[in-house]
Amino acid sequence: MSLFGRIFLLNALVLVVAAALLVFGPATVSTPALLGEVLVLAAGLVVMLIANAVLIRVGLAPLGRLTRAMTTIDLLRPGPRLTARGHGEIAELITTFNSMIDRLEAERGYSAARALSAQEAERRRVAQELHDEVGQSLTAVLLGLKRVADQSPDPVREELLQVQETTRSTLDEIRRIARRLRPGVLEELGLVSALKALIAEISEPAGLTVRRSFDKNLPALDAETELVVYRVAQEGLTNTVRHAGAGEIELTVRGRQSSVELRIRDNGRGIGSSAEGAGIRGMRERALLVGAELTVGAAPGGGTEVRLVVEARG
Numbered sequence: 001m002s003l004f005g006r007i008f009l010l011n012a013l014v015l016v017v018a019a020a021l022l023v024f025g026p027a028t029v030s031t032p033a034l035l036g037e038v039l040v041l042a043a044g045l046v047v048m049l050i051a052n053a054v055l056i057r058v059g060l061a062p063l064g065r066l067t068r069a070m071t072t073i074d075l076l077r078p079g080p081r082l083t084a085r086g087h088g089e090i091a092e093l094i095t096t097f098n099s100m101i102d103r104l105e106a107e108r109g110y111s112a113a114r115a116l117s118a119q120e121a122e123r124r125r126v127a128q129e130l131h132d133e134v135g136q137s138l139t140a141v142l143l144g145l146k147r148v149a150d151q152s153p154d155p156v157r158e159e160l161l162q163v164q165e166t167t168r169s170t171l172d173e174i175r176r177i178a179r180r181l182r183p184g185v186l187e188e189l190g191l192v193s194a195l196k197a198l199i200a201e202i203s204e205p206a207g208l209t210v211r212r213s214f215d216k217n218l219p220a221l222d223a224e225t226e227l228v229v230y231r232v233a234q235e236g237l238t239n240t241v242r243h244a245g246a247g248e249i250e251l252t253v254r255g256r257q258s259s260v261e262l263r264i265r266d267n268g269r270g271i272g273s274s275a276e277g278a279g280i281r282g283m284r285e286r287a288l289l290v291g292a293e294l295t296v297g298a299a300p301g302g303g304t305e306v307r308l309v310v311e312a313r314g
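Quick note on numbering: this note's numbering labels position 93 of the sequence shown as 93, and the sequence is numbered without any gaps.
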């Protein structure tokens, strides 16, 4: 039965009952109406309106659930679909809504995959150019400065050595940037070695104490999943350094039969009720690409905890 038919039937039922009471009931109305008759009619009208409201509310209850789902759904946090309860057009509407969400999530995943793939390709290109072009140019500058410094008088040599040291520091920074853009250790030595190198690179300049723990014989992960785990760890550690004000970080990687769990905890100020930034949303998009489960929230005892669980697909 259509939604129109259900509402019409409910109203018709109430009106038929009211008419039957007037026809077959003992109540009569005088002209002019007496006070008692007016009170009886008013009470009957109230009862009829309440019954009508209750019946319509019950009939339209599934639409209320659908409205709440529409206002709270987040494509970055897929959850269970609505149960297609109700009759006729209402059940069909809920089913259509669920199908629309499925299509939107699939399209978002496809678009995010293309965007992140293009982003990784651009990172590799920039890292390669920094390493090959800028790095080699600065290395040539260092050699030239050394050659000139060796042939210069002492006052000039001191200044050239200072310039040489500044250039060497710049070259080291460029190499660090290139490693962040393109984690060569991940491709060559695997996930655990890449995470160890990442911890050392991020924590040492910031003066953080990092306690790390890695299970042996982790389930094998494919290259795309390993990159997701690495990028989530990189973003989590970077956020801790920039925003958490933490002094200690705990990073663990555990094997769970056919899955791998990454957990990052800090003792900083926590995220509180602040809105998620681009970094956390980027982590969620990466997690969705490989069907991983990502949670970001308060850690036991204070601070922030990032937890990522990925299925082994290697």
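Note that CB positions come from ideal geometry on N, CA and C, so glycine has one too.
Predicted model, so just to flag it, every value in this text is computed and none were measured.
Taking the alpha carbon of residue i as the reference point, which residue from the options has its own alpha carbon closest?
i: E276; options: L262, G297, E261; result: G297
i: T139; options: G236, N11, D172; result: D172
i: R211; options: E204, V241, E248; result: E248
i: V126; options: D150, A43, P183; result: P183
i: L221; options: E201, S203, L262, L237; result: L262
i: G270; options: A299, I264, V290, R242; result: A299
i: A200; options: T166, T167, T170, T238; result: T238
i: R65; options: A43, T95, I280, G44; result: T95
Is it the case that the Cβ atoms of residue i and residue j are separated by a distance below 8 angstroms?
i: A287; j: V228; result: yes
i: L318; j: G255; result: Outside the modelled stretch of the chain, which goes from 1 to 314, sits residue 318, for which no answer is possible.
i: Y230; j: L186; result: yes
i: L198; j: A246; result: no
i: E304; j: G268; result: Looking at the sequence itself, residue 304 is Thr, so the reference to Glu does not match. The answer is yes: Cβ separation under 8 angstroms.
i: V330; j: A292; result: Not covered by the structure: residue 330. The range shown for the chain is 1 to 314.
i: G282; j: E250; result: no
i: T240; j: D215; result: no
i: L143; j: T167; result: no
i: T252; j: S203; result: no
Compute the Euclidean distance between the alpha carbons of residue i and residue j, then round it to the nearest angstrom.
i: V17; j: L49; result: 12 angstroms
i: A312; j: A223; result: 11 angstroms
i: A53; j: I90; result: 18 angstroms
i: S259; j: K196; result: 20 angstroms
i: R124; j: G135; result: 15 angstroms
i: E92; j: L35; result: 50 angstroms
i: I56; j: L13; result: 12 angstroms
i: E122; j: R157; result: 41 angstroms
i: Q119; j: A113; result: 10 angstroms
i: S117; j: Q162; result: 42 angstroms
i: T67; j: N11; result: 24 angstroms
i: T8; j: I280; result: Reading off the sequence shown, one finds Phe at residue 8, where the question assumed Thr. Each residue's Cα considered, the two are about 49 angstroms apart.
What residues in its chain sit with their C-beta under 7 angstroms from that of residue i, if we drop five residues either side in the sequence?
i: K146; result: Q164
i: I73; result: I101
Looking only at its own chain, which residues have a Cβ that is under 8 angstroms from the Cβ of residue i, when we skip the five neighbours before and after it?
i: M70; result: F97
Assess contact between the segment 112-130 and the segment 177-189, defined as three or more Cβ pairs (one per stretch) separated by less than 8 angstroms. Is contact present?
yes
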